[in-house]
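To start, the structure itself, in structure tokens.
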Amino acid sequence: MRALRITVPASRDLEEISDYFLEKSVDAGDRFVKAFSQKCQYIARFPFIGKPYDQVRPGLRGLVLMGYIVFYSVSDKEVNILRVVSGYRDLPDVFSE
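All the letters of the sequence shown, read from the start, carry residue numbers 23 to 119 under this note's numbering.
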């Protein structure tokens, strides 16, 4: 299993998502946090399971989670969670920010 690292941009994304869920439903927020944690463990164990998004950025992979996409990259020793964004966003713009 590779080490898991959550980048600063991904942490900011998670804060925004948490704030959104706190306004709407604490239970939904709890479900998201639990599902995100499980998804990260899954990615760390099986890093190449995610869909390739090379058209957005070379080496980029992603898995869907409750309407969001967890974007990550894989190196020899770790998995880097790069962003967690709505699947409705214009993805090339997300990575040009």
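We treat Cβ as the ideally placed atom computed from N, Cα and C, and that holds for glycine.
A distance below 7 Å between beta-carbons, with the five flanking residues on each side excluded, links PRO69 to the following residues of its chain, in chain order: ARG24, VAL96 and VAL101.
Assignment of VAL107 by DSSP, reduced to helix, strand and coil, places it in the strand class.
By the C-beta density criterion, ASP76 is exposed, having fewer than 16 other C-beta atoms within 10 angstroms.
For GLY81, the three-state secondary structure derived from DSSP is coil.
For ARG27, the three-state secondary structure derived from DSSP is strand. Rounded to whole angstroms, the separation of the alpha carbons of LEU44 and GLN63 is 24 Å. Separation of ASP98 and ASP49 (C-alpha to C-alpha, rounded to the nearest whole angstrom) is 37 Å.
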